[in-house]
Amino acid sequence: MTYRFLNSQASFKERIIDYYADNPRFKETLFNDFELDLNQEVLKRGHEFIESLKGQRVLIIGDFDCDGISATAIIKMLFDKLGIANNYYIPSRFHEGYGLSLKQVQKAIDFSFDALVTVDNGITAAEALKVAKDKGIKTMVIDHHSYDALPQADYILHGDLLAKPYQKACAAGLCYLLMASFEDDDLAACYAGVATFADMVEVFGYNRYLIKRAYQLLNKGEIKTYNALSGKKQNYTYDDLSFLLASRINAVSRIKGANVNRVVSFLLEQDDDKLLKGAQKLKQINNLRKDLSDVMTQRALRLVDDRDFLILYDEHFEEGLCGPVANRIARTFQKPCIVLAKGEEEIKGSGRSIDDFDLLAYLKKYDHLFKRLGGHKQAVGLSLDLDMVNPLLEATKVLDLPVSLKEVPCLPLYAEDISLDTLAFINELEPFGIGFEEPLFYMDDLKISSRYLIKQKYTKFRFVNGLEAISFHEDDYNRDFKRLIAYLKADSYHKNRLSLQIQDLI
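Note that the sequence shown covers residues 1 to 506 in the numbering used here.
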């Protein structure tokens, strides 16, 4: 990442408006009066198809991330409301892998299910869907991942088939549209909004509507499941949607021995005592995931070389942690990264991209090396035979696609800008995300009065002017700097105080 430091003496609000001047969708963030359009033809067909499932037995196959888990919960809630007999199953990341397989189709056959519904998967499962269809099982695919050709299924809902404001919807967002075509439901809307925020999709149009609605519902204090999981009832920030909710849901599938299907049960639970016990378990699993990720990241860092495309493999890596570790490495070195681990029968891994580099399109050029490859522009999941690791390393030694680092504009932040009114104006523009990034600021020649470590890892700076800043980069404690680059945040521990969240020190 490179920075473009803007010099301006304009008022703070004018600086912010100038900051987003090149973003053609900036006005959508100020005038977000989005209204659901449930009269789209594909949604009408979906409504009719679901009606046709009444009196039949349906098996839902979900995915093991926050989006897939939330989508599974939403579609089950809909079927339950309609009296449609159903069961759900999310395959194990470790033992079965991602998505609909022939094994799950055979289960549907053996247990006499009449219909298969895939959520957050299925768009590339052409063979499995054909087998189901040949056996007389109805098939419904709700997915947002990339595909080369649509599979044969009785009904498909994908963003590409919807109007433009809906085309970047994640699976939970798609499931909520079907729910809303029958009746509105706040709990389903909240699940869809959190999943949307977690799944790193664009934050405009329908997605923005869902994220903001989830935020508003959470701050009414009425979403019991999320209140138990977060330990809060109100005063949620948008960051809480990721760090207190989505991360704890995502963690379960990454730890061997943890059953991700129980997370769906948790999202459907309404008993207060059971929610508290379930939330405590999810928090414990997430803490374990963080500890294991830190250890694996340190091991991965020792494997980083000077390649433009990082591929890191160690037989001791944990398969379920490849995605988070790849993300941390990619962000740290500003290079696309794949982290590979030894699975039960093959090598499995996850990749993360940077900026506008299309990771999936790049890897598809070497499709013959993989047993499975899927995902989207920013994130991929893959598997390959052990003897294909070296050919993959050789094939990607020299990138023949440009990886152009995004030039991120930084606004000057002056002492007189540091006020609650300033933060309130920034907060009015939320949610930030893909396509609409949070404004980044710089301050020069700050005089340090003290520095200390939090949790023996994170550096907290206090400056002579009274401002405080925190860095989550573990090597920042001993760094000298003249320019600080950071986001402006509310202080988590002191009411009515602001803090800087450091992104870089120069």
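Backbone N, C-alpha and C fix where the C-beta goes; we use that ideal spot for every residue, glycine too.
Which residue wins for smallest C-alpha separation from residue 330, given the options 320, 319, 353, 347? Counting from one through the sequence shown, the residue named residue 330 turns up at place 330. Relative to residue 330, the option among 320, 319, 353, 347 whose CA is nearest is 353.
Run the CB neighbour count on residue 102, radius 10 Å, all protein chains shown included, and call it buried at 16 or more, exposed below. Reading the sequence shown from its first residue, position 102 is the one you call residue 102. With fewer than 16 Cβ atoms within 10 Å of its Cβ, residue 102 is classed as exposed.
Could you say which of 379, 154, 210 lies nearest to residue 42 if we only look at CA atoms? Numbered from its first residue, the sequence shown carries residue 42 at position 42. Minimum Cα distance to residue 42 is reached at 154.
By Cβ distance below 7 Å, which residues in the same chain neighbour residue 315 in space, the five residues on each side in sequence not counted? Numbered from its first residue, the sequence shown carries residue 315 at position 315. Same-chain partners within the cutoff: 342.
With distances taken from CA atoms, which of 268, 89, 131, 46 is nearest residue 63? Against the sequence shown, residue 63 aligns to sequence position 63. The option with the nearest alpha carbon to residue 63 is 89.
Tell me the DSSP secondary structure of residue 396 in three-state form. Position 396 of the sequence shown, counting from 1, holds the residue named residue 396. Correct three-state label for residue 396: coil.
Where residue 448 falls, given that 16 or more other Cβ within 10 Å makes a residue buried: To locate residue 448, count along the sequence shown from 1; it is residue 448. Answer is exposed; the Cβ neighbour count stays below 16.
Classify residue 197 as buried or exposed, calling it buried when 16 or more other Cβ atoms lie within 10 Å of its own Cβ. What you label residue 197 is simply residue 197 of the sequence shown in a count that begins at 1. So residue 197 counts as buried.
Status (buried if at least 16 other CB within 10 Å, exposed otherwise) for residue 4: Counting from one through the sequence shown, the residue named residue 4 turns up at place 4. Flag for residue 4 reads exposed.
Coarse secondary structure for residue 343, derived from DSSP in three states: Position 343 of the sequence shown, counting from 1, holds the residue named residue 343. If DSSP states are grouped into helix, strand and coil, residue 343 belongs with coil.
Taking Cβ to Cβ, would you say residue 131 is nearer than 8 Å to residue 60? The count along the sequence shown starts at 1 and reaches residue 131 at position 131. The count along the sequence shown starts at 1 and reaches residue 60 at position 60. Cβ distance not < 8 Å, so residue 131 and residue 60 don't count as in contact.
Alpha-carbon spacing of residue 237 relative to residue 387, whole angstroms: Looking up residue 237 in the sequence shown gives position 237. Looking up residue 387 in the sequence shown gives position 387. The alpha-carbon atoms of residue 237 and residue 387 are separated by roughly 47 Å.
Output the residue ranges of the beta strand (DSSP E) runs that lie fully inside the stretch 312–363 and measure 3 residues or longer, sorted by chain position. 337–342, 347–352
Going by beta-carbon coordinates alone, are residue 364 and residue 373 separated by less than 8 Å? As a working note, residue 364 is residue 364 in the sequence shown. As a working note, residue 373 is residue 373 in the sequence shown. Going by C-beta atoms, residue 364 is nearer than 8 Å to residue 373.
DSSP three-state assignment for residue 306, whether helix, strand or coil: For the purposes of this step, residue 306 is taken as residue 306 along the sequence shown, with counting starting at 1. Coil at residue 306, not helix or strand.
In this structure, does DSSP put residue 468 in helix, strand or coil? For the purposes of this step, residue 468 is identified with residue 468 of the sequence shown, where counting begins at 1. If DSSP states are grouped into helix, strand and coil, residue 468 belongs with the strands.
Neighbourhood of residue 420 by C-beta distance below 8 Å, restricted to the same chain and skipping five residues each side: Position 420 of the sequence shown, counting from 1, holds the residue named residue 420. These residues qualify, in order along the chain: 496, 498.
Three or more C-beta pairs under 8 Å: does that hold for the stretch 195–214 against the stretch 271–290? The stretch 195–214 and the stretch 271–290 do not touch, with fewer than 3 CB-CB distances between them shorter than 8 Å.
For residue 4, the residue or residues it bridges with in DSSP: Position 4 of the sequence shown holds residue 4. Partner(s): 409.
With DSSP run on the structure shown, which of helix, strand or coil describes residue 444? Numbered from its first residue, the sequence shown carries residue 444 at position 444. Looking at residue 444 - three-state DSSP - the assignment turns out to be strand.
Please list, in chain order, all residues of the same chain as residue 512 whose beta carbon is under 8 Å from its beta carbon, the five residues on each side excluded. Absent from the model: residue 512. The displayed extent of the chain is 1 to 506, so no value can be given.
Compute the beta-carbon to beta-carbon distance between residue 159 and residue 167, rounded to the nearest angstrom, for a pair I have assumed lies under 8 Å. Working through the sequence shown from its first residue, we reach residue 159 at position 159. Working through the sequence shown from its first residue, we reach residue 167 at position 167. About 4 Å separates the two Cβ atoms, so the contact holds.
Selection from 302, 462, 429, 248 that minimises the alpha carbon distance to residue 204: Numbered from 1 along the sequence shown, position 204 holds the residue referred to as residue 204. Ranking 302, 462, 429, 248 by Cα distance to residue 204 puts 429 first.
The ligand FAD and residue 355: does the residue's C-beta get closer than 7 Å to at least one heavy atom of that ligand? No copy of the ligand FAD appears in this structure; indeed no ligand is present at all.
Look at the alpha carbon of residue 337 and the alpha carbon of residue 123, and state the distance between them as a whole number of angstroms. As a working note, residue 337 is residue 337 in the sequence shown. As a working note, residue 123 is residue 123 in the sequence shown. When rounded, the distance between both Cα atoms is 25 Å.
Can you give me the Cβ contacts of residue 422 inside the same chain, cut-off strictly under 6 Å, excluding the 5 residues immediately before and after it? Numbered from 1 along the sequence shown, position 422 holds the residue referred to as residue 422. Only 12 meet the Cβ criterion.
So, helix, strand or coil for residue 430, using DSSP? Within the sequence shown, residue 430 is the residue found at index 430, counting from 1. In the structure shown, the three-state DSSP call for residue 430 is coil.
Give the DSSP-derived three-state secondary structure of residue 26 in the structure shown. For the purposes of this step, residue 26 is identified with residue 26 of the sequence shown, where counting begins at 1. It is helical.
From what residue to what residue does the beta strand (DSSP E) around residue 168 run? In the sequence shown, counting from the first residue as 1, residue 168 sits at position 168. Looking at the DSSP string, residue 168 is not in any beta strand (DSSP E), and its letter there is neither H nor E.
Buried or exposed: which applies to residue 318, given that a residue is buried once 16 or more other Cβ atoms fall within 10 Å of its Cβ? Position 318 of the sequence shown, counting from 1, holds the residue named residue 318. With 16 or more other Cβ atoms within 10 Å, it is buried.
In angstroms, rounded to a whole number, what distance separates the CA positions of residue 138 and residue 75? Residue 138 sits at position 138 when you count from the first residue of the sequence shown. Residue 75 sits at position 75 when you count from the first residue of the sequence shown. Computed Cα separation, rounded: 16 Å.
Is the beta carbon of residue 163 closer than 8 Å to that of residue 68? The count along the sequence shown starts at 1 and reaches residue 68 at position 68. The count along the sequence shown starts at 1 and reaches residue 163 at position 163. Not in contact: residue 68 and residue 163 (Cβ atoms no closer than 8 Å).
Inspect the CB distances between the stretch 252–261 and the stretch 284–292 and report whether three or more fall short of 8 Å. yes
Can you give the Cα-Cα distance for residue 14 and residue 368, rounded to whole angstroms? In the sequence shown, the residue the question calls residue 14 occupies position 14. In the sequence shown, the residue the question calls residue 368 occupies position 368. So the alpha carbons of these two residues sit roughly 52 Å apart.
Please list, in chain order, all residues of the same chain as residue 58 whose beta carbon is under 8 Å from its beta carbon, the five residues on each side excluded. For the purposes of this step, residue 58 is taken as the residue at position 58 of the sequence shown. Contacts found: 79, 84, 85, 86, 87, 113, 114, 115, 116, 117.
In its own chain, which residues sit with a C-beta less than 6 Å from the C-beta of residue 358, not counting the 5 before and 5 after it? Position 358 of the sequence shown, counted from the first residue, corresponds to residue 358. Cβ within range, chain order: 377.
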